[in-house]
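Trainee: In order, the protein sequences belong to chains A and B. 0 is the number of the first residue of the first sequence in numbering that gives the first Met the number 0; add one for each residue after it. 0 is the number of the first residue of the second sequence in numbering that gives the first Met the number 0; add one for each residue after it.
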Amino acid sequence: MMAMELPKATGTCVLSIRDLRKAYGDKIAADRISFEVSRGEIVGLLGPNGAGKTTTINMILGVLQPDSGSIHVEGMDLATCRAQALGLTNFAAVYAPLPGNLTVQQNLRVFGLLYGVKGLSERRNALIRQFHLEKFRHVKCGVLSSGEQTRVALAKAMLNQPHLLLLDEPTASLDPVAAREIRSRIRQFAVSGEGGVLWTTHNMVEVQDVCDRVLFLSHGRIMLEGDPKTLPDEHGQPTLEELFISVAREPLTLERT
Amino acid sequence: MLRYFYLLRGTPARWMPVFAWVAIDIVLWGFITRYLNSIASSGLNFVPTLLGAVLLFDFFTRVMHGVAGVFLEDVWSRSFLNLFASPLTIPQYLLGLVVTSTVTSLIGLMVMLVLATAVFGLSFFAYGLTLAPFLLILFLFGVSLGICTCAMVLRLGPSAEWLVWPVPAVISPFAGVFYPISILPHWMQFVGKLLPVSYVFEGLRTIISGGAVPPTSLIVGGGLAVAYVLLACWIFKCVFRHAVRTGILARYSAESLS
């Protein structure tokens, strides 16, 4: 695949979503969702199971077509400039491991070619070093542990130096030490100003540790938005976890702030 | 294509479908034709008629299975989400399937040609220059059926894989591989005339019997093959759009649809 000429970053908004809607029959998975992610920002997307987090992520990835609304990545409309917009995006999800019958090195090369990464060999070697994957370079991904597979998936997600990084519960199956290391890497990515991060997770400690802003999703709607460190106090809850539970139980009593 | 190359390099068993099964077919039919030659009192040489037909039909089958097989590797490894969340476009994806199948099919064809020629004395000079359009028609129709079966699996789920492999066998009675389609019932003749491959095998028998293949026959067969390729690409595009609209594509990684 030819290396794509991608536009330089413009402004601070890397992701803009307006009135996104998706229904499966009578069930509304996403109901007029609107939000933005800025460069250097880590936005947490929280919500109970079935709230619409993965639906939202899949629509941003272009693998699920919204019924209405718009998605812009670095100002490019995903609906009309799909390949260019996705060239600026990448993702890692616990339910989307890399092909297990290829080695770490092979997987990174294949996906590097798909994303049109220039200087692929150097980039791949740098990521292998950065994610401590040297001893797994020639090991098939299918035999790696869940933590190791997560590191490979994140290395793949960083291949094209994305302007928008989507992470769907990346630390779900990791032990605390491995999870902290992954969070550190993601924070480094955001702090470096390379791009913005949209992160879904159920781990409230992780949210407070990493996220600059959180969006609470319930029944396909954004119920709350704000700084995870101050949001609980603003809504009279002692912790973010208690706030999450109250949102999950009685979403209609809350207004988006 | 690179991914499939890595898989072939890393797993020797994957080479079996590339050439082993077709080689066994050539050996089997080679000895059948030799036996028939020894007992037939008519003096007819069965080698170019039967063995040549088997070789060409196996090439067609290899092309079709090659396209579907590469697609199924992505199904089995649950790669759709990673693949289609990248800048990869549908035409690029289909082209990758076709190019990969072309390479593996050519390897299978070479193996078959060497065996058939060296061991059983099949001479492809007997078919003349029309061998090239024959192979092209078979290749194009194989590609179109391969893409159609990929669309079928994408639409119906991974369990539909079992419908992929028997497709050439289902087509073979109508294609007139070993007999002229004129001996078939009318309704089967009608179906046969809609299949590009039937024009190839009718042409093959015409050449063996000393005649010349009518140019219109090649034009019709080739035109049908091209039309089926375009139709198959359109069908795949429609099914893919449906998969994106309904969320099937995203769920292929999250869960099995069957």
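Glycine residues also receive a C-beta, built at the ideal position from the N, C-alpha and C atoms. Computed from a predicted model, the values in this text were never measured in an experiment.
For Leu193/B, which residues of its own chain have a beta-carbon under 8 angstroms away from its beta-carbon, when the five flanking residues on both sides are left out?
Mentor: Translated into the one-based positions of the second sequence, residue 193/B becomes position 194. Excluding sequence neighbours, Leu193/B sits near Leu223.
Trainee: Just the Cα atoms here: how many angstroms apart are Glu73/A and Arg61/B?
Mentor: By 1-based counting over the first sequence, the position of residue 73/A is 74. By 1-based counting over the second sequence, the position of residue 61/B is 62. About 45 angstroms.
Trainee: Going by the beta-carbon positions, is the gap between Leu153/A and Ile181/A smaller than 8 angstroms?
Mentor: Residue mapping note: residue 153/A aligns to position 154 of the first sequence, counting from 1. Residue mapping note: residue 181/A aligns to position 182 of the first sequence, counting from 1. In this structure, Ile181/A lies closer than 8 angstroms to Leu153/A by Cβ.
Trainee: Look at Val62/A and Ala249/B and say whether their C-beta atoms are less than 8 angstroms apart.
Mentor: Start at 1 with the first residue of the first sequence, and residue 62/A comes out as number 63. Start at 1 with the first residue of the second sequence, and residue 249/B comes out as number 250. Taking 8 angstroms as the Cβ cut-off, Val62/A and Ala249/B qualify as a contacting pair.
Trainee: Excluding the 5 residues preceding and the 5 following Lys7/A in the sequence, name in chain order all residues of the same chain whose CB lies nearer than 8 angstroms to its CB.
Mentor: Mapped onto the first sequence, residue 7/A falls at position 8. Bear in mind that a pLDDT of 43 at Lys7/A, under 50, signals an unreliable position, so the number given afterwards is only what the model happens to contain. There are no such residues.
Trainee: So Met63/B and Leu144/B are supposed to be a Cβ contact under 8 angstroms. How far apart are they, rounded?
Mentor: Residue 63/B sits at position 64 when you count from the first residue of the second sequence. Residue 144/B sits at position 145 when you count from the first residue of the second sequence. Going by Cβ atoms, the distance from Met63/B to Leu144/B rounds to 5 angstroms, so yes, they are a contact pair.
Trainee: If contacts are defined as beta-carbon pairs under 8 angstroms, then Val97/B and Val66/B qualify, I think. What distance do you get, rounded to the angstrom?
Mentor: Walking along the second sequence from the start, residue 97/B turns up at place 98. Walking along the second sequence from the start, residue 66/B turns up at place 67. Sure, about 6 angstroms apart at Cβ, within 8 angstroms.
Trainee: Quick test of your reading: Gly191/B and Phe173/B, contact by CB under 8 angstroms. State the CB separation rounded to the nearest angstrom.
Mentor: Your numbering for residue 191/B matches position 192 in the second sequence. Your numbering for residue 173/B matches position 174 in the second sequence. Right, the Cβ-Cβ distance comes to about 5 angstroms (below 8 angstroms), so this counts as a contact.
Trainee: Would Thr215/B count as contacting chain E if we go by Cβ distances under 8 angstroms?
Mentor: Note that chain E does not occur in the displayed structure, where the protein chains are A and B.
Trainee: Whose C-alpha, out of Ala92/A, His137/A, Leu163/A and Gly111/A, is nearest the C-alpha of Leu320/A?
Mentor: Not covered by the structure: residue 320/A. The range shown for chain A is 0 to 256.
Trainee: Start and end of the beta strand (DSSP E) containing Glu201/B?
Mentor: Taking the second sequence and counting its residues from 1, the one referred to as residue 201/B is at position 202. Counting along the chain, Glu201/B falls outside any beta strand (DSSP E), though it belongs to the alpha helix (DSSP H) covering Pro195 to Ile207.
Trainee: Please list, in chain order, the chain B residues whose beta carbon lies closer than 7 angstroms to that of Asn48/A.
Mentor: In the first sequence, residue 48/A corresponds to position 49, counting from 1. Here the premise fails: no neighbours, minimum Cβ distance about 13 angstroms.
Trainee: With Cys12/A as the anchor, note down where its beta strand (DSSP E) starts and where it stops.
Mentor: To locate residue 12/A, count along the first sequence from 1; it is residue 13. Per DSSP, Cys12/A belongs to the beta strand (DSSP E) from Cys12 to Tyr23.
Trainee: When you compare the region 193-207 of chain A with the region 110-123 of chain A, are there three or more beta-carbon pairs, one atom per stretch, that lie closer than 8 angstroms?
Mentor: Verdict: no, contact absent.
Trainee: Pull up the CB-CB distance for Arg38/A and Asp30/A, whole angstroms please, since I reckon it's below 8 angstroms.
Mentor: Working through the first sequence from its first residue, we reach residue 38/A at position 39. Working through the first sequence from its first residue, we reach residue 30/A at position 31. Not really, about 28 angstroms apart at Cβ, beyond 8 angstroms.
Trainee: Are Gly46/A and Leu216/A touching if we call contact CB-CB under 8 angstroms?
Mentor: Numbered from its first residue, the first sequence carries residue 46/A at position 47. Numbered from its first residue, the first sequence carries residue 216/A at position 217. Going by C-beta atoms, Gly46/A is nearer than 8 angstroms to Leu216/A.
Trainee: Please classify Gly24/A: is it buried, with 16 or more other beta-carbons within 10 angstroms of its beta-carbon, or exposed?
Mentor: Walking along the first sequence from the start, residue 24/A turns up at place 25. The residue in question, Gly24/A, is exposed, as its Cβ has fewer than 16 Cβ neighbours within 10 Å.
Trainee: Would you call Arg77/B buried or exposed, if buried means 16 or more other Cβ atoms sit within 10 Å of its Cβ?
Mentor: Here residue 77/B corresponds to residue number 78 of the second sequence, with the count starting at 1. Buried.
Trainee: Whose CA, out of Asp76/A, Val206/A, Asn106/A and Met58/A, lies closest to the CA of Thr170/A?
Mentor: Taking the first sequence and counting its residues from 1, the one referred to as residue 170/A is at position 171. Closest by alpha carbon: Val206/A.
Trainee: Please classify Ser104/B: is it buried, with 16 or more other beta-carbons within 10 angstroms of its beta-carbon, or exposed?
Mentor: Residue 104/B sits at position 105 when you count from the first residue of the second sequence. Result: buried.
Trainee: His201/A lies in the beta strand (DSSP E); which residues open and close that run?
Mentor: As a first step, residue 201/A is located in the first sequence; it is residue number 202 there, counting from the start. Counting along the chain, His201/A falls outside any beta strand (DSSP E), and DSSP gives it neither H nor E.
Trainee: I need the DSSP call for Asn106/A, collapsed to helix, strand or coil.
Mentor: Position 107 of the first sequence, counting from 1, holds the residue named residue 106/A. Helix, per DSSP.
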